[in-house]
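Asker: Have a look at the structure that comes next, please.
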Amino acid sequence: MNSLVYNLYCDESCHIEGDKIPVMVLGCVWCEIGETHRVNEQIRAIKRRHGLAPNFETKWTKVSTGKVDFYADVIDYFLSDSKLRFRGVLVPDKDKLDHEKFGQNHDDWYYKMYFTMLKYVISPSHAYRIYLDVKDTRGGPKTRDLHNVLCNNIFDFNHKTVERVEQIRSHESEILQLTDLLIGAVGYANRGLATSAAKQSLLAQLHARLGLKALTQTAPFSNTKFNLLVWAAQETAG
Numbered sequence: 114m115n116s117l118v119y120n121l122y123c124d125e126s127c128h129i130e131g132d133k134i135p136v137m138v139l140g141c142v143w144c145e146i147g148e149t150h151r152v153n154e155q156i157r158a159i160k161r162r163h164g165l166a167p168n169f170e171t172k173w174t175k176v177s178t179g180k181v182d183f184y185a186d187v188i189d190y191f192l193s194d195s196k197l198r199f200r201g202v203l204v205p206d207k208d209k210l211d212h213e214k215f216g217q218n219h220d221d222w223y224y225k226m227y228f229t230m231l232k233y234v235i236s237p238s239h240a241y242r243i244y245l246d247v248k249d250t251r252g253g254p255k256t257r258d259l260h261n262v263l264c265n266n267i268f269d270f271n272h273k274t275v276e277r278v279e280q281i282r283s284h285e286s287e288i289l290q291l292t293d294l295l296i297g298a299v300g301y302a303n304r305g306l307a308t309s310a311a312k313q314s315l316l317a318q319l320h321a322r323l324g325l326k327a328l329t330q331t332a333p334f335s336n337t338k339f340n341l342l343v344w345a346a347q348e349t350a351g
């Protein structure tokens, strides 16, 4: 029996083929299953402290001058809680992908990117429950396919390591909303945008705690708190 069970909350940004946005980000925030309730309650407490409704969704697209203090507190909480970790994959040049050249389609590549992200996290000595944000009506089949791809790649044919891969809606999990916030920050940093002083202040906060290159360059495996991989389309088949 696996000794520890982890929950992984995964999301992606600018993942749609042909959306004319070159940058794509996949990310997950993860913690032991026994920490999940506590973490969700901590983030809800931050919402209450800032006078926000319990059902307010923490999202990068909602960052504004009026709510920047709230978002700064959420980021500070993530950075300060030793039980929370982030893993992300940044694709800075999605527009250069040539799936036909490598005998794959966009969905095949999507699964490969998820495996690339999660293989850093997954250990056969533990068990994992992976939750994805609902994105489209094809989510059910894609979720099942992703579960099979992950298990087959680590020879987990009985699904004892990757116990489940399921879709949930973002309002159901504060941790999933936190993932949205962090991948949004990575995407913003790599698109060279300067459209929001509030968002730029959050980037400065992350840079101050994690380092100036944390959002734009591949981190060593030893960076377990915030670990980013930059995957360049022109360098590999995937």
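Residue 121 in our numbering sits at position 8 of the sequence shown, and the numbers go up by one each step. By construction, the Cβ of each residue, glycine as well, lies at the ideal position given by its N, Cα and C atoms.
#1: To which residues of the same chain is residue 120 closer than 6 Å at the C-beta, ignoring the five residues directly before and after it?
#2: Could you check if residue 339 is buried or exposed, using at least 16 other CB atoms within 10 Å of its CB as the buried criterion?
#3: Have a look at residue 267 and residue 180 and give me their C-alpha separation to the nearest angstrom.
#4: I need the DSSP call for residue 322, collapsed to helix, strand or coil.
#5: Could you check whether residue 298 and residue 143 sit closer than 8 Å to each other, using their CB atoms as the reference points?
#6: Does the Cβ-Cβ distance between residue 200 and residue 227 come in under 8 Å?
#7: Would you mind listing the beta strand (DSSP E) stretches within the stretch 232-278 that are 3+ residues and don't spill past its ends, in chain order?
#8: Indicate whether residue 265 and residue 136 have their beta-carbon atoms separated by less than 8 Å.
#9: Between residue 240 and residue 274, which are expected to be in contact by the criterion C-beta below 8 Å, what is the C-beta distance as a whole number of angstroms?
#10: Can you tell me which of 168, 189, 288, 205 puts its alpha carbon nearest to the alpha carbon of residue 344?
#11: Could you tell me the distance, in whole angstroms, from the CA atom of residue 314 to the CA atom of residue 255?
#12: Looking at the secondary structure, which residues open and close the alpha helix (DSSP H) in which residue 192 lies?
#13: What does DSSP give as the partner residue(s) for residue 143 in the beta ladder?
#14: For residue 379, which of helix, strand or coil comes out of DSSP?
Answerer: Let's see:
#1: Excluding its 5 nearest sequence neighbours in each direction, residue 120 has C-beta neighbours in its own chain below 6 Å: 146, 149, 242, listed in chain order.
#2: Answer is buried; the Cβ neighbour count reaches 16.
#3: The alpha-carbon of residue 267 is positioned some 42 Å away from that of residue 180.
#4: When DSSP states are grouped into helix, strand and coil, residue 322 belongs to the helix group.
#5: For the pair residue 143 and residue 298, the CB atoms are not nearer than the 8 Å cut-off.
#6: Not a contact, by the Cβ cut-off of 8 Å.
#7: For the beta strand (DSSP E) assignment, the uninterrupted runs of no fewer than 3 residues enclosed by the stretch 232-278 are, from N- to C-terminal side, 240-246.
#8: Going by C-beta atoms, residue 265 is not nearer than 8 Å to residue 136.
#9: Indeed, because the Cβ distance is near 6 Å, the residues count as touching under 8 Å.
#10: Answer by Cα proximity: 205.
#11: Cα to Cα, the separation comes out at about 36 Å.
#12: Taken as a continuous stretch (DSSP letters only), the alpha helix (DSSP H) holding residue 192 covers 181-193.
#13: 121, 198.
#14: Residue 379 lies beyond the range of the chain shown here (114 to 351); nothing can be said about it.
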